[in-house]
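Residue numbering for the sequence shown follows the UniProt record's numbering, starting at 462 and increasing by one per position. Glycine included, C-beta positions come from ideal geometry on N, C-alpha and C.
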Amino acid sequence: YEKELKRLSNLDLIGQMAAGISHEIRNPMTTVRGFLQLIRKEEEFDNDNDYIDIMIEELDRANSIITEFLSMGNTRTSDLQMLDLNAIIHDITPLIEVDASNQNKLIQFDTQDIPKLLLNRNEIRQLLVNLYRNGLEAMYEGKVLSINTYKEDEKCVILSVRDQGEGIRPEVLEKLGTPFFTTKENGTGLGLGICYAIAARHNAKIEIQTGSEGTTFLVKFKI
Ligand code: ADP
Ligand code: MG
């Protein structure tokens with residue numbers, strides 16, 4: 462038992478160090494990015510602009526990996542409160558709508574009457590953001606993303622995020638949630654892993670239905 466406690470506090474320490482190191486790595490990266498932008502503006506370097514763009518993109522990718530990693534650390538001790546899931550969705554609706562319209566995609570909401578649930582607001586927000594972004598990224602312009610909540614039965618509330626993308630191939634499906642697994646050029650491969658961790662802390666399950674008409678992520682909360 463004592464060993465276990467010691468192991469846990471060591472883990473804590475490692476987590477704190479990792480968070481500290483992440484911040485420290487970010488500062489020099491920001492400096493390098495700034496100078497790269499300056500170089501890009503100078504005419505004599507015009508020919509190399511492609512390389513500089515790639516360097517900036519790669520820095521941004523490294524930066525978003527750190528952001529997602531830090532968000533994972535922050536939410537390790539999750540305190541849960543009786544909250545209205547629909548209200549959390551409502552809060553970030555403007556963000557979702559801006560993202561969708563920037564990509565020329567449509568959003569549909571159908572939030573039904575559901576009981577309050579034991580939730581951590583920030584974590585549920587993060588879960589929702591990760592799922593809706595994946596949904597938008599999976600679709601062509603003009604397609605519709607649906608975000609719904611409903612009571613499945615007396616014991617279960619469902620949050621569903623349904624896209625009209627091309628579906629997920631079996632070999633990709635197998636690897637979902639594996640840290641850093643991505644099929645996107647600028648992906649981090651951390652989004653779904655974070656969703657699974659958040660669902661687990663809420664005692665919720667994530668189910669995936671996928672086919673040629675699109676993909677639905679169902680988050681099933683126990684009432
Ligand atoms: P990222 O979005 O950075 O690639 P994620 O962990 O969010 O990382 O997703 C991992 C992979 O899962 C994606 O690269 C994509 O191949 C697949 N994926 C996730 N959501 C969907 C979706 N709604 N439709 C199709 N593929 C998806
Ligand atoms: Mg993602």
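- Looking at the DSSP output, G672 sits in a beta bridge with G675.
- The residue from N664, L679 and A665 with its alpha-carbon nearest to that of T671 is L679.
- Apart from the 5 residues on each side of it in sequence, I669 sits with its Cβ closer than 8 Å to the Cβ of I629, L634, L637, T676, T677, F678 and L679 in its chain, given in chain order.
- A straight line joining the alpha-carbon of A658 with that of H484 spans about 23 Å.
- Listed by position in the chain, the residues whose beta carbon lies within less than 5 Å of some heavy atom of the ligand MG are N595 and G652.
- Assigned with DSSP and collapsed to three states, I684 falls in coil, not helix or strand.
- The beta carbon of T610 sits no closer than 7 Å to any heavy atom of the ligand ADP.
- Using a 10 angstroms sphere on the CB of E584, the tally of other CB atoms reaches 16 or more, which defines it as buried.
- Per the coordinates, the alpha-carbon of S621 lies some 45 Å from the alpha-carbon of L499.
- Look at D521: its beta carbon is at least 7 Å from all of the heavy atoms in the ligand ADP.
- Within the same chain, Cβ atoms closer than 8 Å to the Cβ of N591 are found at G652, L653, I655 and C656, the five residues on either side in sequence being excluded.
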